[in-house]
Amino acid sequence: MTYDSLNVSERPTHRRWTILSLACGASGFLYLHRYTWNFIRPALRDEYDLSNLELSYIYNAFNFAYTAGQVPSGILCDFFGPHMFMVAIIVAWSVSLPGIGLTGGSLPGLCAARALFGVSQAGCYPSLAKISKTWLPIKTRTIGQAMIATLFGRGGGAVSPLIMGTLLMATMGLSWRWALVAIGVTGLVFAMLFYFFFRNSPEVDPNTNQAEVDLIRADDPGSTETGGVLNFWHVIQNPSMCVFMLQQVASAGADFVYVALMGSYFLDNDVDMSWAGLLVSLPLWGGAIGGFIGGFVNDGLIRITGNRRWARTTAGFSGKFIAALLMASIVVLHANPYVVGGMLFFVKFFTDWSQPTVWGTCTDMGGRYSATVFSIINTCGGVGGIALSLSAGGILDYYATELPDGTLQNNYDPLFLAIAALYLLSGTSWFFINCTNRLDKDEVFLHPDFADGTPS
C-alpha cells in the first residue's frame, strides 16, 4: 500500500513502529525471563538432590498455570484491550521470577513459585497477537509477527543463557538467586516504558494521524474492534481449527526441550558453564533468524502465488520437515556436544521458520478475536509441552546408566527421536489447515481473501 493510493493530504505518522518496538520488547523479555530455567534446573538438582521426575513436576507447574491462563487472558484482552493488561502481567512475572529462590527447596513451594510465574506470563502472546492485528497493515503483518514472535522472542531466549549463565553467574560470580533478581528488575523498567508509550489502537492514540489509520486499516477493516466473546462452538465446528490445534500440540511439545533441558544436556556432557551458556543460546539464535526469514517467506509466497492458504501450508510444512530430518541425524551421528550445539542451531532455524505461519494463521482465522484464537492455540501448545516434559523426565530416568562412582548419566537419544517425530507430525498437519476459514466471517466485512472461507 503506497502513500499516494490513500488519497489523503497528509503523510502518515509512524506510531506503528513505536508500537511494534514495544511488542518486540515484550516478547524478548518474556523469553529472557522464561529461559532462565536452563540454569535454575541444574542448580535446583544439585542443591536439593532432586530427580529428573521431580524437576519435571516443578517445570510443569509453570506449564499448567501458563496453559490454564491462556484462554481467560485472550478473552480479557479481546474485551478490554491489551494496554493495562500487558503492563500488569509484565510487572507480575518480573516480580515472581526471583520468587523460586525463596522457597527453601520445598517441592510444593518450588511448584507454587513456578505456577505464579507461569500464570503471569500466560496473557503475553495472546495480547501481542491482538496488537499485531490492530497495529500492522495486512500486507506486511506476517513480517511484523516474525519480528515479534521469533526475532525478538527467540532472541530474548538466546541471550538469556548468555546473560544468566555466562555473564551474571560465570563472569560476575552471582548466585543463581541474585542473577534472577537482576534479570527481574529489567522487566520492571520495561513495564514502565510500555505503560507510557503504548495505546490500544491507532484510533485512540493522539499521536497517530488519520493517514496512518487509513494505511493500517487498508484491506483489513474491522481490526480495531474490542468487546464481545468468540463463540466457541464455531471453533469446534471448524475442521481447520481442530487440525491447527493438533499441529500446535506437536510443535510446542517438541520445543519444550530448548527451555527445559538444554542447560542440563550440555552440563551433563561436561561442558564448562561459560561454554554452556553459548551452546544453549545457539539453537535460539537459529530460531530467531529462521523465524524472521520465515516471515518474509510467508508474505513473499502470498504475493507470488496469490493464494494465502497454500503459502501458509508450504512454509509450515517445509520448515518442520527439514527440522525433523536434522533432529534425527543428531542421534544417528552421535556427535560431541559442541557439534550438537551447532546442529541444533539449524534444527531451530527450520522449525521456527514456520512460527510466523502460526501467528499469521491465528490472525487470519481469528479476525476480531485474534487474541482468543491465539490463546486457544497457545493452550494446545501448553498441553503438548506438559505431555512431553512429563514423559521426558521418566524417559531420562529410565534410559539413564549408572556410572562406577554411583552417579547416573542421562541418555538423550530417545528423547531427540521423539522430538523429530513430533516435528514430522506438525509439518504434515499443515496440509489440512485452511487459514482463510475465518471464525468471525459472519460478523465483519472481509477482505476478498477471506470472504467465503475458501482460498483466494
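Going by my numbering, the residue at position 355 of the sequence shown is 745; the numbering climbs one at a time, nothing skipped. From the three backbone atoms N, C-alpha and C, an ideal C-beta is built for every residue, glycine too. For clarity, every value in this text was computed on a predicted model and none was experimentally measured.
Contact with chain D by residue i, beta-carbon distance below 8 Å
{"i": "residue 658", "result": "The structure shown has no chain D; it contains just one protein chain."}
Proximity winner among the options, relative to residue i (alpha-carbon distances)
{"i": "residue 402", "options": "450, 455, 409 and 597", "result": "597"}
{"i": "residue 419", "options": "543, 799, 776 and 793", "result": "543"}
{"i": "residue 539", "options": "812, 515, 572 and 485", "result": "515"}
{"i": "residue 820", "options": "502, 407, 630 and 552", "result": "630"}
{"i": "residue 553", "options": "721, 532, 576 and 499", "result": "576"}
{"i": "residue 471", "options": "758, 511, 780 and 828", "result": "758"}
{"i": "residue 698", "options": "531, 804 and 710", "result": "531"}
{"i": "residue 786", "options": "718, 743, 805 and 684", "result": "805"}
{"i": "residue 550", "options": "504, 424 and 459", "result": "424"}
{"i": "residue 510", "options": "784, 603, 665 and 483", "result": "483"}
{"i": "residue 525", "options": "400, 772 and 603", "result": "603"}
{"i": "residue 400", "options": "790, 407, 599 and 792", "result": "599"}
{"i": "residue 440", "options": "404, 408 and 495", "result": "495"}
{"i": "residue 584", "options": "404, 823, 408 and 793", "result": "408"}
{"i": "residue 763", "options": "825, 720 and 404", "result": "825"}
{"i": "residue 406", "options": "724, 595 and 716", "result": "595"}
{"i": "residue 822", "options": "728, 404 and 700", "result": "700"}
{"i": "residue 529", "options": "692, 541 and 499", "result": "692"}
Whole-angstrom distance between residue j and residue i, CA atom to CA atom
{"i": "residue 810", "j": "residue 601", "result": "48 Å"}
{"i": "residue 651", "j": "residue 741", "result": "18 Å"}
{"i": "residue 751", "j": "residue 702", "result": "8 Å"}
{"i": "residue 761", "j": "residue 463", "result": "8 Å"}
{"i": "residue 658", "j": "residue 799", "result": "7 Å"}
{"i": "residue 672", "j": "residue 416", "result": "21 Å"}
{"i": "residue 452", "j": "residue 488", "result": "14 Å"}
{"i": "residue 438", "j": "residue 427", "result": "16 Å"}
{"i": "residue 570", "j": "residue 645", "result": "23 Å"}
{"i": "residue 591", "j": "residue 572", "result": "33 Å"}
{"i": "residue 479", "j": "residue 461", "result": "15 Å"}
{"i": "residue 711", "j": "residue 732", "result": "19 Å"}
{"i": "residue 801", "j": "residue 782", "result": "11 Å"}
{"i": "residue 501", "j": "residue 586", "result": "34 Å"}
{"i": "residue 593", "j": "residue 578", "result": "28 Å"}
{"i": "residue 749", "j": "residue 755", "result": "10 Å"}
{"i": "residue 743", "j": "residue 537", "result": "12 Å"}
{"i": "residue 481", "j": "residue 803", "result": "39 Å"}
{"i": "residue 788", "j": "residue 660", "result": "21 Å"}
{"i": "residue 722", "j": "residue 667", "result": "25 Å"}
{"i": "residue 466", "j": "residue 726", "result": "47 Å"}
{"i": "residue 696", "j": "residue 626", "result": "28 Å"}
{"i": "residue 497", "j": "residue 679", "result": "37 Å"}
{"i": "residue 339", "j": "residue 795", "result": "The chain is shown only over 391 to 846; residue 339 falls outside these bounds and no answer can be derived."}
{"i": "residue 730", "j": "residue 674", "result": "13 Å"}
{"i": "residue 714", "j": "residue 780", "result": "21 Å"}
{"i": "residue 580", "j": "residue 493", "result": "26 Å"}
{"i": "residue 582", "j": "residue 790", "result": "47 Å"}
{"i": "residue 557", "j": "residue 665", "result": "11 Å"}
{"i": "residue 734", "j": "residue 812", "result": "16 Å"}
{"i": "residue 624", "j": "residue 720", "result": "42 Å"}
{"i": "residue 622", "j": "residue 562", "result": "51 Å"}
Sub-8 Å separation of residue i and residue j beta-carbons
{"i": "residue 468", "j": "residue 520", "result": "yes"}
{"i": "residue 508", "j": "residue 456", "result": "yes"}
{"i": "residue 775", "j": "residue 640", "result": "no"}
{"i": "residue 647", "j": "residue 656", "result": "no"}
{"i": "residue 527", "j": "residue 605", "result": "yes"}
{"i": "residue 817", "j": "residue 746", "result": "no"}
{"i": "residue 450", "j": "residue 628", "result": "no"}
{"i": "residue 778", "j": "residue 718", "result": "no"}
{"i": "residue 512", "j": "residue 459", "result": "yes"}
{"i": "residue 684", "j": "residue 653", "result": "no"}
{"i": "residue 505", "j": "residue 588", "result": "no"}
Integer-rounded CB distance, given that residue j should sit under 8 Å from residue i
{"i": "residue 736", "j": "residue 677", "result": "Not quite, the Cβ-Cβ distance comes to about 10 Å (not below 8 Å), so this is no contact."}
{"i": "residue 485", "j": "residue 574", "result": "7 Å"}
{"i": "residue 547", "j": "residue 421", "result": "4 Å"}
{"i": "residue 864", "j": "residue 518", "result": "Nothing about residue 864 can be read from this structure; the chain reaches only from 391 to 846."}
{"i": "residue 474", "j": "residue 559", "result": "At roughly 35 Å, the Cβ-Cβ gap does not stay under 8 Å, so residue 474 and residue 559 are not in contact."}
{"i": "residue 829", "j": "residue 620", "result": "6 Å"}
{"i": "residue 410", "j": "residue 545", "result": "Not confirmed; about 15 Å, so no contact."}
Closer than 7 Å: residue i CB and nearest the ligand ADP heavy atom
{"i": "residue 706", "result": "Summarising the ligand content, the structure contains no ligands, and the ligand ADP is consequently not present."}
(message) Three or more C-beta pairs under 8 Å: does that hold for the segment 764-771 against the segment 629-640?
(response) The answer is yes - the segment 629-640 touches the segment 764-771, with three or more Cβ pairs under 8 Å.
(message) Any contact between the segment 426-434 and the segment 553-573? By contact I mean 3 or more CB pairs, one from each, below 8 Å.
(response) Taking 8 Å as the limit for Cβ pairs, the verdict is that the segment 553-573 does touch the segment 426-434.
(message) Using 8 Å as the cut-off, can you tell me whether the segment 681-692 makes contact with the segment 704-712, which would need three or more C-beta pairs spanning the two stretches below that distance?
(response) The segment 681-692 vs the segment 704-712: in contact.
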